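Just so you know, we're using this note's numbering here: the sequence shown kicks off at 5 and counts up by one.
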Amino acid sequence: GGSCDQRYARPCDGVDGKADHVIGTDHSGFPFSVPDRKIEIPYSTLSKQRQQRCSDSAQHGVVYDLRSMGFSVPILSRSVSRLTKRNIFASVSRSTVHTGIASSKEETEHDGDVPVHEDIPKAPLYPGHIPTTLAQKVLISVGSALAAITDPFRDDMVAVFGETTGSLAFRELHRIMSNDPEGRQILRDRPRINTSTLDLDYLRQLPKETFGHAYYRFLADNNVTPDSRLAVQFVDDPELAYVAQRYREVHDLIHTLLEMPTHMLGEVTVKWVEAIHTKMPMCSTGALFGAVRLRPKQRRDYVSSHLPWALRVGYNAKNLMCVYYEKHWEMPLLELQHSLNIEPFPRKQSMQEHVPSSQKAGLVA
């Protein structure tokens, strides 16, 4: 078990309806939780009377402080209020939309306790999980999308956009993986890809033609680490959260498998394959808007070779989310590509191609 997240109200004299939730990790280290019969109530959703009766409001928190993402909380709060008053989000009651900072007008509208609606989890479902309403997800999606389009190097915004818009895609990916023997084993084992689970020295010593050594060279040449992937926060289901985390952690392995470098052209090419295999809006958006940022020579190569090849691989290859990459380190890269029905790139690029850091793309979730 574990302690409650400080963003949520702790048991306190005069505040009812709260109890610790059970948090743990499975054997692979991925978190899960089992909520207790009672739930924790965000402090921001308590009535004024109950807030005053609580002896130490500093121990309570808000649902989520959007300022940490670069957003203006007061502006978002007023925006959500206006949107819900216009019934744009018909499934979300005005009383469920909170960012922790309310205007004086909003405060006068809430006399009693705010009911908990089904569109937001009653408690964090795993460590780091940030429960959000549908309206909050929409606002976060729009803000993160604009930030990512403006600055593709904001991988944190790309990641947030992927989480808040990918619910249906994660559910479909879970179904696809459940119906595939290798994918089913991944869901059962829940492997993680980071420096605590990988033996990078072992991968370095593998024969150069192997997939494992190619992955090691990819990490070394691009000066990246498996630990650079952010943890999932906004997916409201522990099973789907793992699918989202798995996608995030195998992105560099897909680069290695497709032999695509990390400059903008390589990222856009990989994003097309991922968009077809995952159906994630983030991947489709990255593929479309990333192509706009290509330089003239890259755009010619993109249209003549990279895009057609990416579409063929996307529609013909085995779903790359159903590949248990960790079990194929010793396999020759070309043999692994053949087994997955991945067509060799027509004008093969070297993965050791020098790419200035200023040209590297940020379209990685």
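Yeah, the Cβ is synthetic: ideal placement off N, Cα and C, and Gly gets one too.
Keep in mind that this is a model prediction, so the values were computed, not measured.
Original post:
Buried or exposed: which applies to D205, given that a residue is buried once 16 or more other Cβ atoms fall within 10 Å of its Cβ?
Top reply: Burial call: exposed.
Subject >> Endpoints, the alpha helix (DSSP H) within which A224 is located >> reply: It spans 215-226 - the alpha helix (DSSP H) in which A224 sits, taken as one unbroken run.
Subject >> Whole-angstrom C-beta distance between P156 and R297, which should lie under 8 angstroms >> reply: R297 to P156, Cβ: 7 angstroms. Contact.
Original post:
According to the Cβ coordinates, are I134 and Q237 closer than 7 angstroms?
Top reply: Going by beta carbons, I134 and Q237 fall inside the 7 angstroms limit.
**OP:** In angstroms with no decimal places, state the Cα-to-Cα distance between K301 and E271.
**Re:** If you draw a straight line from the Cα of K301 to the Cα of E271, it is about 16 angstroms long.
Subject >> Three-state secondary structure (DSSP) of P336 >> reply: In this structure, DSSP gives P336 an extended state, which the three-state scheme calls strand.
Original post:
Does the Cβ-Cβ distance between L337 and A218 come in under 7 angstroms?
Top reply: The Cβ-Cβ distance between L337 and A218 falls below 7 angstroms.
**OP:** Along the alpha helix (DSSP H) that carries V317, what are the first and last residues, could you check?
**Re:** Boundaries of the alpha helix (DSSP H) around V317: 311-320.
Subject >> G166 versus M335, R316, R250, E330, residue with shortest Cα-Cα distance >> reply: It is R250 whose Cα lies nearest to the Cα of G166.
Subject >> Within 7 angstroms, strictly: CB atoms of A321 and I346 >> reply: For the pair A321 and I346, the CB atoms are nearer than the 7 angstroms cut-off.
Subject >> Rounded C-alpha distance that separates K141 from W276 >> reply: Looking at the two C-alpha atoms, the distance is approximately 25 angstroms.
Original post:
Which value, in whole angstroms, describes the spacing of the CA atoms of T266 and L340?
Top reply: Between T266 and L340, the C-alpha separation is close to 21 angstroms.
Original post:
How is V236 classed by DSSP in three states: helix, strand or coil?
Top reply: Looking at V236 - three-state DSSP - the assignment turns out to be coil, as it is neither helix nor strand.
Original post:
Taking the C-alpha atoms as reference points, what is the distance between Q189 and D203?
Top reply: Each residue's Cα considered, the two are about 21 angstroms apart.
Original post:
Are the C-beta atoms of Q209 and some chain C residue less than 7 angstroms apart?
Top reply: The structure shown contains no chain C; it is built from a single protein chain.
Original post:
Span of the alpha helix (DSSP H) holding Y251?
Top reply: 242-262 is the extent of the alpha helix (DSSP H) around Y251.
Original post:
So, using beta-carbon positions, are P312 and T169 closer together than 7 angstroms?
Top reply: No, they are not a contact pair.
Original post:
Leaving out the 5 sequence neighbours to the left and right, which residues in its chain are closer than 7 angstroms to E176 when beta-carbon positions are compared?
Top reply: Shown here for E176: same chain residues with a beta carbon closer than 7 angstroms to its own, the five before and five after excluded, namely K283 in chain order.
Original post:
Measuring CA to CA, which of A245, D225, D240, N227 is closest to L234?
Top reply: Relative to the Cα of L234, the nearest Cα in the group A245, D225, D240, N227 belongs to A245.
Original post:
So the alpha helix (DSSP H) H178 belongs to, where does it begin and stop?
Top reply: For H178, the enclosing alpha helix (DSSP H) starts and ends at 171-182.
Original post:
For F215, which of N198, V162, D256, M325 has the nearest alpha-carbon?
Top reply: For the residues N198, V162, D256, M325, the minimum Cα distance to F215 belongs to D256.
**OP:** With distances taken Cα to Cα, identify the nearest neighbour of V247 among H332, L129, S171, L143.
**Re:** A check of alpha carbon separations from V247 across H332, L129, S171, L143 identifies S171 as the nearest.
Original post:
Run through DSSP, which three-state label would E167 get?
Top reply: DSSP places E167 within a helical segment (H, G or I) once states are collapsed to three.
Subject >> The alpha helix (DSSP H) enclosing K141, as first and last residue numbers >> reply: Counting along the chain, the alpha helix (DSSP H) containing K141 begins and ends at 138-154.
Original post:
Taking the Cβ atom as the reference point for each residue, do C326 and E213 lie within a distance shorter than 7 angstroms?
Top reply: Between C326 and E213, the C-beta gap is not smaller than 7 angstroms, which leaves the two residues out of contact.
Original post:
Of all the options A295, T260, E334, D240, which has the alpha carbon lying nearest to the alpha carbon of V228?
Top reply: The shortest C-alpha separation from V228 is found at T260.
Original post:
Which residue from L324, L315, K331 puts its Cα closest to that of C207?
Top reply: The question names Cys, but residue 207 is Leu in the sequence shown. Taking only the C-alpha atoms, the option nearest L207 is K331.
**OP:** Find out if the Cβ-Cβ distance for the pair Y306, L269 is shorter than 7 angstroms.
**Re:** Yes. Within cutoff.
Subject >> Through-space distance from E334 to P230, alpha-carbon basis >> reply: Between the alpha carbons of P230 and E334 lies a distance of about 19 angstroms.
Subject >> Other residues of its chain near T273: CB distance less than 6 angstroms, five sequence neighbours each side excluded >> reply: These residues qualify, in order along the chain: M264, H310, A314.
Original post:
Is the Cβ-Cβ distance between P242 and Y328 less than 7 angstroms?
Top reply: Cβ distance not < 7 angstroms, so P242 and Y328 don't count as in contact.
**OP:** Alpha carbon to alpha carbon, how far is T137 from R304? Give it in angstroms, no decimals.
**Re:** Rounded to the nearest angstrom, the two C-alpha atoms are 43 angstroms apart.
Original post:
Counting along the chain, where does the alpha helix (DSSP H) carrying S288 start and finish?
Top reply: Unbroken alpha helix (DSSP H) run through S288: 285-296.
Original post:
At what residues does the alpha helix (DSSP H) containing D203 begin and finish?
Top reply: For D203, there is no enclosing alpha helix (DSSP H), as DSSP gives it neither H nor E.
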